[in-house]
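Numbering (the working numbering), first residue to last: 393 to 718.
Just so you know, even glycine gets a beta-carbon here, dropped at the ideal spot from N, CA and C.
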């Protein structure tokens, strides 16, 4: 499980996170009574024949090159840009969010998101992921990504990744230009020759690590449409989402009222690659990303908030070893 693919899958969960590679899970129906604890989409085992098969559009390698005979189809542009962000910011330097990662129906590892001190006119956000001992038998991964955000607009100027998967190192550097809406990607995998991609975005261009912070600042309300382009897995994706409903979510961390965002990410250069995504953001001043569901190449993946540390506030930690309360 590539850690950044997990991020894309889950945080891209609406990330917006937004570009989920691999086999995605179909959206589950939301509960009729939103006053009772909401049931988050389950992380199913793709090998279980009793489970429904995933949509064909949600399968395959999300970073693969289109076949020579694959028809070129234009992706529908965003009808409008992102709305004006709320103020003040719901987060500040020193905030640390900890997540449990579930994949293939089992605990897979940990992911953290940390807001760094401002530097050189940017607000850096650091994301780190590592698989646990059990899941390392499938894939042994540790990695990090940093998004350099404008402190007011929360748009990225730069995004970097560095990961080691089964001892193979991967590095990525992405530069965003607001002037010409260009995205320049430089990457290297192991000892292979360096690669480069040139992309452009429509109205708003984000990255998978920083997008969740921008989402936290959106003026969330029922039926709010959200559309933007997001970089993930060396590709650009168009994320189209809607605020489905205000729901109650019960986690080991506590009880929360939250906004449920559901959407689809479409790979801009290969529209046959689509990914369904769900994200829950707490409806309070903290705007915490409570949970995100997406997929990687091994199957469905879920991130669940398990710890919160914010300057000047009492830390929140999940109690006991219990899982989500369904």
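Specify, as a first and last residue, the run of the alpha helix (DSSP H) that residue i falls within.
i	result
residue 581	Not the alpha helix (DSSP H): residue 581 falls in the beta strand (DSSP E), residues 574-581.
residue 509	Careful: residue 509 lies outside any alpha helix (DSSP H) and carries neither H nor E.
residue 608	603-608
Return the residue from the list the options that minimises the CA-CA distance to residue i.
i	options	result
residue 504	654, 488, 650	488
residue 536	600, 544, 594, 592	600
residue 589	570, 625, 682, 516	625
residue 694	707, 700, 540, 671	671
residue 471	674, 493, 633, 699	633
residue 594	564, 604, 628, 605	628
residue 622	637, 616, 658, 635	658
residue 652	631, 668, 674, 667	674
residue 541	516, 498, 562	516
residue 481	700, 696, 680, 684	680
residue 604	501, 522, 578, 538	538
residue 639	499, 584, 682	682
residue 476	546, 485, 656	546
residue 618	473, 469, 575, 685	473
residue 497	685, 705, 708, 668	685
residue 631	641, 615, 669	669
residue 564	551, 573, 575	551
residue 641	561, 678, 696	696
residue 493	479, 586, 706, 698	698
residue 592	616, 676, 650, 577	577
residue 585	574, 562, 484	562
residue 467	656, 549, 711	656
residue 692	484, 495, 491	495
residue 703	559, 486, 649	486
residue 574	555, 548, 556, 560	548
residue 649	677, 711, 483	677
residue 518	553, 654, 501	553
residue 512	522, 710, 543, 666	543
residue 490	484, 521, 582, 615	521
residue 478	596, 500, 613	613
Taking DSSP's pairing of strands, which residues face residue i in a bridge?
i	result
residue 666	658
residue 547	None; residue 547 has no bridge partner.
residue 516	540
residue 591	575
residue 554	536, 563
residue 701	488
residue 499	494
residue 694	494, 685
residue 650	639, 674
residue 708	700
residue 569	574
residue 482	In DSSP, residue 482 forms no bridge with anything.
residue 521	503, 535
Which residues mark the beginning and the end of the beta strand (DSSP E) in which residue i is found?
i	result
residue 642	627-643
residue 490	488-495
residue 598	597-599
residue 470	Note, residue 470: premise wrong, no beta strand (DSSP E); not H, not E.
residue 621	617-624
Any C-beta of chain B sitting closer than 7 Å to the C-beta of residue i?
i	result
residue 667	Of the protein chains in the structure, only one exists, and it is not chain B.
Is residue i near the ligand COA, in the sense that its beta carbon is under 6 Å from a heavy atom of that ligand?
i	result
residue 615	In terms of ligand content, the structure shown is empty, and the ligand COA therefore cannot be addressed.
Is the stretch 588-600 touching the stretch 609-618 in the sense that three or more CB pairs, one from each, lie closer than 8 Å?
-> no
Evaluate contact between the stretch 639-653 and the stretch 661-668, counting only Cβ atoms and requiring at least three cross-stretch pairs below 8 Å.
-> no
Sufficient close CB pairs (3 or more, under 8 Å) joining the stretch 563-573 to the stretch 492-512 = no
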